[in-house]
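*Asks:*
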Amino acid sequence: MIYNNSKVSLSIFFISLFSILSLSAQTVISGKVSEKNGTPIEGANVYLDGTYDGTATDAQGNFSFETEEKGPQLIKVTFLSFEPYTFFGDVKILNNLKIKLREDVNSLETVVLSAGTLEASDNSKVSVLKPLDVVTTASALGDFVGALQTLPGTTTVAEDGRLFVRGGDASETQIFIDGIRVFTPYTPTTNNAPTRGRYSPFLFDGITFSTGGYSAEFGQALSSVLLLNSIDEPAQEATNIQIMSVGGGFGHTEKWDKSSLSINTSYINLAPYLALFNSRNDFQKPFQTFSGEAVYRQKLKNGLLKVYGAFDTSNFSLTQEDINNPDGTQFSLNNKNFYGNTSYSGVLTNDLKIDVGASYTLATTEIGINNITVDDTENSAHFKIKLKNRFSNRFKLTGGVEQFITDFEEQVSGDFNPQEYGYKNNLTAAFAETDIIFSRNFAIKTGLRVEYSAMFNDITIAPRLSLAYKTGKNSQLSIAYGNFNQQPNAEILKFEQNLRARNTSHYIANYQYTANNRIFRAELYRKDYTNLVTYDTTTASSESNFTNNGDGYAQGLDVFFRDDESIKNLDYWVSYSYLDSERKFQNYPIEATPSFASKHNASVVTKYWVEKWQSQIGASYTYGSGRSYTNPNEPGFLQEQTRAFNSLSLNCAYLITPQKIVYASVNNVLGFNNINGYQYANTPNASGQFNRQALLPATDQFFFVGFFWTISDDGKENQLDNL
Amino acid sequence: MKAIIYITTVLISLTSFAQSPYEKGMTKALGLWSEGNSTEAVQLFERISSAEPEEWLPSFYAAQILTYSSFGEKDKEKVTTTLNKALELMNTAKTNSPEKNAELMVLEAQYYTSWISFDGMTYGMKYAGKVGELYQNALALAPDNPRVVLGKAEWDMGSAEYFGGDVKSYCKDVERAIKLFSTFQPESVLHPSGGLEHAQEVLARSCN
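Order-wise, the sequence lines are chains A and B. Residue numbering for the first sequence is 1 to 723, as defined by the UniProt record's numbering. Residue numbering for the second sequence is 1 to 208, as defined by the UniProt record's numbering.
This is how it looks when you write it as structure tokens:
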């Protein structure tokens, strides 16, 4: 027995020895993975980097695996929506590890600095518009500016068509393409027909519209910036043909391995339209415009180069009713505009990104008013370099410098000695900004912008600050403060250059709730204006005495609600803006509410997809309360108000096949008689009263029908984007 | 009898010894996936991908599993994190693939299709052209790859359904794909070879 036992013991000994020997080649790596607050993480991937050895954590967050690796190794833990964890150490000490993963702040769950910002993009949680909305909103007629006018913070100024933001005039909003300034963004029109954005919406796939408190990267805008990002890579090769009731268009995109070229041309002529429908304008030469655009994109080793060029020319001449002139006012316009923009965006190192760009604008406008001819020539350029360094997901630093150059010349001629005005402007700016994300619940952005104007020999320093705090799973609060400077407009600078930049301060508080394809957003703001330009004549002229002594304020509440969920196939949004604004500028004798700042503005936009008819039917309704005007028959200044503005627009896009689309729209379908303001006679009539005439839109309604045809290899792409 | 067991054991050991760690790891990961352990399979593919920075298959499979798992998911946060991860892995696969690769084009098309099926209003117009072009290019590159033929047919069927076209006219393509599955020779046992069952499902669902 003893012998037997020893034999057994011996075998046990050998077996043990053997297993110890074989075990000695294996090291056990073990530990527990949890969130910062101790909640265990199940399913995290734990492994030794560069080896096959690893495992997933169990429900308690525990892991354990064996490895044959020796010496120091890099252990890595990864899990979706958390930052990867790495630790370098000898395999012998890699046991009983207590690993806490930090949440990845690069996620949709992270709070967004949203005060003042309205976004049209795919991937942001705070995005209020989708890229297609720009072209499918009934009242917009394919114009991105038109679509933005259905958002809160904008004021309806129907005869103008530009963006009027929170009590600011249209020139207080600046437009940028790929971060580079657009100096002349709008096509010129008559003074009773709204203008449109010059650039076709289908070139852009992301739009950010800031109604205040924006980044230090942008300057020379008192109220608002509109940032357009052009498409990096077109989807496919295609040819587009457009036949419209007001003209036609042709476009083509060609793609190569690393590059692509898109061209686009269009010709618009309102003559046939005016022959069919009445216009209040008596056209001698109907409005016509020709435009051509081309974008070339080239992928380089570490970045993307884009070269964009656009040329357009518009002209018309007409006679408009004028209470001071029984024959009416003769008005003619001939405008040529070239815009070129080159930008490069690339990476220098893993964490360092560079953006370089330049734009050049040449705009010539010849305006005839009765017997006077005004010739304007503007040469403008913008150069910019921006560097962005990512120190970590939680800390980023951006800095850059830019230079703006403008040379503006005006010649006025008629039955008098020709007069010349103009100015040269050189502005240098530098900006720096930090983005700090403390956690998914709290983020802060601070910035500083310094500008030097050679014309004024003056330096301005503008600080910016915004922070955001997440109040719940779906809601957040953000606040922003910013100081903004902008030089006076060309209309002033051409007569007087001994001035200073105008200034505003913005204070914004924003609450946002987003869940299940529904967004609710409310924003309170206050703006204080100083250094506004005043003069002492009826209109700005070489005779005026100019000062920077004007000031004013704007305050209000903007509310937005969008719902894409409650009713199948129906998407709608509602915007409301309350605005209280007064200012003393131009030749105002007292502080008053300007005519472009109406108190209440609201929009309702609906889109309904009818599957059976393969059609999208859209409607949008716009309301604007009365606008101020001065009635010289009564005491006071800007003391009266027009009646409210109302307009209901309908549109329908019918897809015959995915490649053939018929589109129709009617603006102001109910035919409201909107009045933009009044023109009073310069001299009183026999009974001592000043006669007046209502300023009416060129047409009360507008009809549009178009046929859009796409030819592409696979027969799927269409031009909904183009509408 | 003993001899047989002995020989078998030796043979098995030999084959397992002949397999490189890469092949062993890949076989294991593919096995995990076929058993339905997608999460573990993705994780193992990721580990292999980090250990073998020259190979495109591990990150390709990881991206494919993630893309498939995103279909039908309704939560925006989940769809976004899953597809962003898939995109990252797909880019690694693209960088590592020695040449233009039809399997990767099909994967990329499926990646965009997933966005479209998640939110057609937002992504439909944006990505539909891209998907069409990817299938077009994949077909030009590998006209007899059954996954290319099947992927394109399914995409065409989906579009026909949406725009009111004739879905059944693409059934012949699905049938062709089924035939191609029986003759298609993958480059190695580790290269993509699946899809037959899915093709039969599509045929049964849409063509009868």
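The beta-carbon is built from N, C-alpha and C at its ideal position, and this holds for glycine as well. Remember, predicted model here, so these are calculated numbers, not experimental data.
Within its chain, find whatever has a CB closer than 6 Å to the CB of I243/A; leave out the 5 residues flanking it on each side and keep chain order.
*Replies:* By 1-based counting over the first sequence, the position of residue 243/A is 243. Contacts found: F707.
*Asks:* Using a Cβ-Cβ distance cut-off of 8 Å, determine whether S22/A contacts chain B.
*Replies:* Along the first sequence, one-based indexing puts residue 22/A at 22. Because the pLDDT at S22/A is just 46, under 50, the model does not fix this residue reliably, and the value given afterwards should be weighed accordingly. No, no contact with chain B.
*Asks:* Where does the unbroken alpha helix (DSSP H) through Y123/B begin, and where does it stop?
*Replies:* Position 123 of the second sequence, counted from the start, is the residue given in the question as residue 123/B. Element bounds for Y123/B: G120 to L141.
*Asks:* Locate the beta strand (DSSP E) running through V705/A, then write down its first and last residues.
*Replies:* Start at 1 with the first residue of the first sequence, and residue 705/A comes out as number 705. Per DSSP, the unbroken beta strand (DSSP E) holding V705/A starts and ends at F702 to S712.
*Asks:* Looking at C-beta atoms only, is the number of pairs between the stretch 354-364 of chain A and the stretch 325-337 of chain A that lie closer than 8 Å three or more?
*Replies:* yes
*Asks:* Determine whether the Cβ of S475/A lies closer than 8 Å to any Cβ atom of chain B.
*Replies:* By one-based count along the first sequence, residue 475/A stands at place 475. Not one chain B Cβ lies under 8 Å of S475/A.
*Asks:* Along the beta strand (DSSP E) that carries V225/A, what are the first and last residues, could you check?
*Replies:* In the first sequence, residue 225/A corresponds to position 225, counting from 1. Looking at the DSSP string, the run of the beta strand (DSSP E) that includes V225/A is S224 to S230.
*Asks:* Have a look at T239/A and W709/A and give me their C-alpha separation to the nearest angstrom.
*Replies:* Translated into the one-based positions of the first sequence, residue 239/A becomes position 239. Translated into the one-based positions of the first sequence, residue 709/A becomes position 709. Going by the C-alpha atoms only, they are around 8 Å apart.
*Asks:* According to DSSP, which residues form a beta bridge with I29/A?
*Replies:* One-based indexing of the first sequence puts residue 29/A at position 29. Looking at the DSSP assignment, I29/A forms a beta bridge with F65/A.
*Asks:* Across which residues does DSSP place R521/A in a beta bridge pair?
*Replies:* Counted from its first residue, the first sequence places residue 521/A at position 521. Paired residue(s): Q512/A and F560/A.
*Asks:* Thinking P192/B and E103/B are a contact (beta carbons under 8 Å), I'd like their distance in whole angstroms, please.
*Replies:* On the second sequence, residue 192/B is found 192 positions in, with the first residue counted as 1. On the second sequence, residue 103/B is found 103 positions in, with the first residue counted as 1. Indeed they touch by this definition, with Cβ atoms about 5 Å apart.
*Asks:* Residues of the stretch 39-52 of chain B in Cβ contact with chain A at a cutoff of 7 Å, in chain order, please.
*Replies:* T39, E40, Q43, E46, R47, I48, S50 and A51
*Asks:* Confirm, please, whether the CB-CB distance from M90/B to Y111/B is below 8 Å.
*Replies:* Counting from 1 along the second sequence, the entry for residue 111/B is found at position 111. Counting from 1 along the second sequence, the entry for residue 90/B is found at position 90. Result yes, Cβ atoms of Y111/B and M90/B sit closer than 8 Å.
*Asks:* Taking C-beta pairs closer than 8 Å, name the residues in chain A that F163/B reaches, listed in chain order.
*Replies:* As a first step, residue 163/B must be located in the second sequence, where it is residue number 163. Counting only Cβ-Cβ distances below 8 Å, F163/B has contacts in chain A at Q614, L655, T657 and P658, in chain order.
*Asks:* Closest to K76/A by CA distance: which of T39/A, R518/A and V33/A is it?
*Replies:* What you label residue 76/A is simply residue 76 of the first sequence in a count that begins at 1. It is V33/A whose Cα lies nearest to the Cα of K76/A.
*Asks:* Starting from the N-terminal side, write out each stretch of the beta strand (DSSP E) that is 3 residues or longer and does not extend beyond the stretch 397-472 of chain A.
*Replies:* Counting only runs of 3 or more, we get 416-439, 442-453 and 458-470.
*Asks:* Mind checking if A592/A is an interface residue toward chain B, Cβ cutoff 8 Å exclusive?
*Replies:* Taking the first sequence and counting its residues from 1, the one referred to as residue 592/A is at position 592. Judged by the 8 Å Cβ criterion, A592/A is not in contact with chain B.
*Asks:* Specify, as a first and last residue, the run of the alpha helix (DSSP H) that Y61/B falls within.
*Replies:* The residue given as residue 61/B occupies position 61 in the second sequence. L57 to S70 is the extent of the alpha helix (DSSP H) around Y61/B.
*Asks:* Along the alpha helix (DSSP H) that carries D156/B, what are the first and last residues, could you check?
*Replies:* Here residue 156/B corresponds to residue number 156 of the second sequence, with the count starting at 1. Per DSSP, D156/B belongs to the alpha helix (DSSP H) from P146 to F163.
*Asks:* Name the chain B residues whose beta carbon is nearer than 7 Å to that of T51/A?
*Replies:* Working through the first sequence from its first residue, we reach residue 51/A at position 51. Those are A51, listed as they occur along chain B.
*Asks:* Beta-carbon of M157/B versus every beta-carbon of chain A: anything under 8 Å?
*Replies:* Within the second sequence, residue 157/B is the residue found at index 157, counting from 1. It does not: the Cβ of M157/B has no partner Cβ on chain A nearer than 8 Å.
*Asks:* Pull out every residue of the stretch 35-61 of chain A whose Cβ sits closer than 7 Å to any Cβ of chain B, in chain order.
*Replies:* If the cut-off is 7 Å between Cβ atoms, the stretch 35-61 of chain A has G43, N45, Y47, D49, G50, T51, Y52, G54 and A56 near chain B.
*Asks:* Work out the CA separation of D528/A and K607/A for me, nearest whole Å.
*Replies:* Here residue 607/A is taken as the residue at index 607 of the first sequence, counted from 1. Here residue 528/A is taken as the residue at index 528 of the first sequence, counted from 1. Cα to Cα, K607/A sits roughly 38 Å from D528/A.
*Asks:* Give me the chain B residues within the contact set of E109/A, using Cβ-Cβ distance strictly less than 7 Å, ordered along the chain.
*Replies:* Start at 1 with the first residue of the first sequence, and residue 109/A comes out as number 109. Those within 7 Å of E109/A in chain B are E77.
*Asks:* With H, G and I counted as helix, E and B as strand and the rest as coil, what does DSSP make of Y22/B?
*Replies:* Numbered from its first residue, the second sequence carries residue 22/B at position 22. DSSP places Y22/B in helix when its eight states are reduced to three.
*Asks:* Measure the CB-CB distance between T534/A and N510/A and report whether it falls below 8 Å.
*Replies:* Indexing the first sequence from 1 puts residue 534/A at position 534. Indexing the first sequence from 1 puts residue 510/A at position 510. No, they are not a contact pair.
*Asks:* Got a sec: is the Cβ-Cβ distance from K568/A to anything in chain B below 8 Å?
*Replies:* For the purposes of this step, residue 568/A is identified with residue 568 of the first sequence, where counting begins at 1. No, K568/A does not count as interfacial toward chain B.
*Asks:* Can you tell me whether W573/A is helix, strand or coil according to DSSP?
*Replies:* Here the question's residue 573/A lines up with position 573 in the first sequence. Note: W573/A maps to strand in three-state DSSP.
*Asks:* Counting Cβ pairs, one atom from each stretch, are 3 or more of them under 8 Å apart for the stretch 177-193 of chain A and the stretch 684-699 of chain A?
*Replies:* yes
*Asks:* Can you tell which of L222/A, A56/A and R198/A has the C-alpha that lies nearest to the C-alpha of G167/A?
*Replies:* Counted from its first residue, the first sequence places residue 167/A at position 167. Per the C-alpha coordinates, the member of L222/A, A56/A and R198/A positioned closest to G167/A is L222/A.
*Asks:* Could you name the residues of the stretch 53-85 of chain B whose beta carbon sits closer than 8 Å to any beta carbon of chain A, in the order they occur along the chain?
*Replies:* K76, E77, T80, T81, T82 and K85
*Asks:* Report buried or exposed for P658/A, applying the criterion of at least 16 other Cβ atoms within 10 angstroms of its Cβ.
*Replies:* In the first sequence, counting from the first residue as 1, residue 658/A sits at position 658. Counting other Cβ atoms within 10 Å of its Cβ, P658/A reaches 16 or more and is therefore classed as buried.
*Asks:* Helix or strand or just coil, what does DSSP make of L352/A?
*Replies:* In the first sequence, counting from the first residue as 1, residue 352/A sits at position 352. Reduced to three states, the DSSP call for L352/A is strand.
*Asks:* Would you please verify whether the beta carbon of F181/B is less than 8 Å from any beta carbon of chain A?
*Replies:* Within the second sequence, numbered from 1, the residue matching residue 181/B stands at position 181. False, the Cβ-Cβ gap to chain A never drops below 8 Å.
*Asks:* E23/B versus chain A: which residues are under 8 Å apart at the beta carbon?
*Replies:* The residue you call residue 23/B lines up with position 23 of the second sequence. Correct list: empty, because the minimum Cβ distance to chain A is about 11 Å.
*Asks:* Which same chain residues, not among the five before or five after R205/B, have their C-beta less than 7 Å away from its C-beta?
*Replies:* In the second sequence, residue 205/B corresponds to position 205, counting from 1. Correct list: empty, nothing qualifies.
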